[in-house]
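S.K.: To convert, note that position 332 of the sequence shown is 332 in UniProt numbering; the numbers rise steadily by one, no gaps.
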Amino acid sequence: MNCKIALIPGDGIGPEIVGEAKKILDKVCSVYGHTFTYEEVLLGGASIDVHGVPLTEEAIETAKGADAVLMGSIGGDAKTSPWYQLEPSKRPEAGLLAIRKALNLFANLRPAYLYDELKGACPLKEEVIGDGFDMIIVRELTGGLYFGERRTVEENGVRKAIDTLTYDEKEIRRIAVKAFEIAGKRRKKVTSVDKANVLDSSRLWRKVVEEVAAQYPEIELEHMLVDNCAMQLVHNPGQFDVILTENMFGDILSDEASMVTGSIGMLSSASLNETKFGLYEPSHGSAPDIAGKGIANPIATILSAAMMLRFSLDLDQEADAVEAAVQQVLKDGYRTVDIMSDGMKQIGTKEMGDRIAQYIERKD
1 MNCKIALIPG DGIGPEIVGE AKKILDKVCS VYGHTFTYEE VLLGGASIDV
51 HGVPLTEEAI ETAKGADAVL MGSIGGDAKT SPWYQLEPSK RPEAGLLAIR
101 KALNLFANLR PAYLYDELKG ACPLKEEVIG DGFDMIIVRE LTGGLYFGER
151 RTVEENGVRK AIDTLTYDEK EIRRIAVKAF EIAGKRRKKV TSVDKANVLD
201 SSRLWRKVVE EVAAQYPEIE LEHMLVDNCA MQLVHNPGQF DVILTENMFG
251 DILSDEASMV TGSIGMLSSA SLNETKFGLY EPSHGSAPDI AGKGIANPIA
301 TILSAAMMLR FSLDLDQEAD AVEAAVQQVL KDGYRTVDIM SDGMKQIGTK
351 EMGDRIAQYI ERKD
């Protein structure tokens, strides 16, 4: 397979971790006989330094011309970086929002997986963890309360703020289809999370999700109220496979799920549009305090590259190989400083990438 990948190194530790993810992709190409070509795109602070803006039209066109985008982390230290002396529309994070909008990335995927080797970092009790958990949260990213009409007014001398939550059936249907497609690649269960006992938008959500579910009879669907889901994530996380939910609920639940894994340095993410195109990035920040020190954990970015192989390029076997290589390195006791524990072997960014690449092998 020949693929074109847009690389966004980003800011802070971004260039270091993207470099290791590219190393893994190159090894996948070598082992499986693919050809990936790369074109670099500036975004965030890196783009401000060169172009004076966090995202250019040329960068957007380059991203649109690729089969997928792999990105590092965006932003810097808000207290010390000159980027944050600019007006909000010209700061690094504005570029990230702009590229998501330009690429119509409406589906956010956030896996939460507990490695056996990192169970000690999980804040949950051992009897709750059980055999571990492996879930993915599919969050609608461009609608709902965050994008509805809003205003602040004064009525009879009292300040009043209004935020509007709206969803139409098309927005709900397309994110539901993504969730069911992803469940088909996993354990074939979707938990749709809403607040249908209170909200009209949730009642429509539930109805449309059921209509979509009828097209996927092999996949189990259950509905769960958001407050119950929040409790279940810390009571019995192993019950979940794919969690489907709207924007604000997904924002909160995905952060909760990330905390029960024990380390944000291990968490990948993806944002997809209506085709197989997606932007893949680690869930963590740019960590400017450790940039250039060679100690950043590249695993979240490497796992994001594995998601890219799976969801945008349909290379499931290759994605499996990358994920297995990560697990093998952890089994061998190698750790970056953020996941270090007694008795393990501490290594840096580059060596972690080297060791993961070493374990990628073809299994036909």
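Cβ atoms here follow ideal geometry from the backbone N, Cα and C, with glycine treated the same way.
For the beta strand (DSSP E) that N228 lies in, which residues bound it at each end?
M.R.: If you number the sequence shown from 1, residue 228 lands on position 228. Not the beta strand (DSSP E): N228 falls in the alpha helix (DSSP H), residues V226 to H235.
S.K.: Under 8 Å by Cβ, that's how I've got T191 and V242 pegged, so tell me the actual separation to the nearest angstrom.
M.R.: For the purposes of this step, residue 191 is taken as the residue at position 191 of the sequence shown. For the purposes of this step, residue 242 is taken as the residue at position 242 of the sequence shown. Confirmed, Cβ separation roughly 7 Å.
S.K.: Residue ranges of each alpha helix (DSSP H) run of no fewer than 4 residues wholly in the region 17 to 97, ordered along the chain?
M.R.: Counting only runs of 4 or more, we get 45 to 51 and 57 to 64.
S.K.: For G292, I'd like the list of residues in its chain whose CB is within less than 7 Å of its CB, leaving aside the five on either flank, ordered along the chain.
M.R.: Mapped onto the sequence shown, residue 292 falls at position 292. Within the same chain, G292 has no close Cβ partners at all.
S.K.: Would you kindly check if the distance between the Cβ of L145 and the Cβ of D168 is under 9 Å?
M.R.: Taking the sequence shown and counting its residues from 1, the one referred to as residue 168 is at position 168. Taking the sequence shown and counting its residues from 1, the one referred to as residue 145 is at position 145. Cβ atoms of D168 and L145: not closer than 9 Å.
S.K.: Could you please give me the residues that DSSP links to H284 through a beta bridge?
M.R.: Here residue 284 is taken as the residue at index 284 of the sequence shown, counted from 1. Answer is none; H284 lacks a bridge partner.
S.K.: Can you tell me which of the three DSSP states D132 falls into?
M.R.: Reading the sequence shown from its first residue, position 132 is the one you call residue 132. This sequence places Gly at residue 132; Asp is not what is there. In this structure, G132 counts as coil in the three-state DSSP scheme.
S.K.: Flag this pair as yes or no: are the beta carbons of I356 and E20 separated by less than 9 Å?
M.R.: Sequence index remark: in the sequence shown, residue 356 carries index 356 (1-based). Sequence index remark: in the sequence shown, residue 20 carries index 20 (1-based). Against a cut-off of 9 Å, the Cβ pair of E20 and I356 comes out as a contact.
S.K.: Distance check for Y113 and D134, CA to CA, integer angstroms please.
M.R.: Along the sequence shown, read from residue 1 onward, the residue named residue 134 stands at position 134. Along the sequence shown, read from residue 1 onward, the residue named residue 113 stands at position 113. The straight-line gap from Cα to Cα measures roughly 4 Å.
S.K.: Quick check on this structure: which residue in C3, D11 and K4 has the alpha carbon closest to the alpha carbon of I290?
M.R.: Working through the sequence shown from its first residue, we reach residue 290 at position 290. Checked all of C3, D11 and K4; the closest Cα to I290 is D11.
S.K.: Which residues bound the beta strand (DSSP E) around L199?
M.R.: Translated into the one-based positions of the sequence shown, residue 199 becomes position 199. It is not in any beta strand (DSSP E) - L199 carries neither H nor E in the DSSP assignment.
S.K.: Helix, strand or coil, according to DSSP, for E126 in the structure here?
M.R.: Residue numbering aside, residue 126 sits at position 126 when the sequence shown is read from its first letter. Note: E126 maps to helix in three-state DSSP.
S.K.: Which of the three DSSP states, helix, strand or coil, is assigned to L165?
M.R.: By 1-based counting over the sequence shown, the position of residue 165 is 165. L165 falls in the coil class under three-state DSSP.
S.K.: With DSSP as the reference, please indicate the residues paired to G343 in a beta bridge.
M.R.: Residue mapping note: residue 343 aligns to position 343 of the sequence shown, counting from 1. None, per the DSSP bridge assignment.
S.K.: Please confirm if the region 318 to 336 is in contact with the region 237 to 255, defined as three or more CB-CB distances below 8 Å between the two stretches.
M.R.: Touching, no, given that fewer than three Cβ pairs across the two stretches are closer than 8 Å.
S.K.: On the DSSP bridge list, what partners appear for G278?
M.R.: The sequence position of residue 278 within the sequence shown is 278, counting from 1. BP columns for G278 point to L272.
S.K.: Report the residue from F311, L43 and V41 whose alpha carbon sits nearest the alpha carbon of A270.
M.R.: As a first step, residue 270 must be located in the sequence shown, where it is residue number 270. Checked all of F311, L43 and V41; the closest Cα to A270 is F311.
S.K.: Consult DSSP for N108 and reduce its assignment to one of helix, strand or coil.
M.R.: For the purposes of this step, residue 108 is taken as residue 108 along the sequence shown, with counting starting at 1. Strand, per DSSP.
S.K.: Tell me, please, which residues DSSP counts as bridged to T152.
M.R.: Indexing the sequence shown from 1 puts residue 152 at position 152. Answer is A161.
S.K.: In the DSSP output, which residue or residues are listed as bridge partners for A6?
M.R.: What you label residue 6 is simply residue 6 of the sequence shown in a count that begins at 1. Paired residues: E39 and V69.
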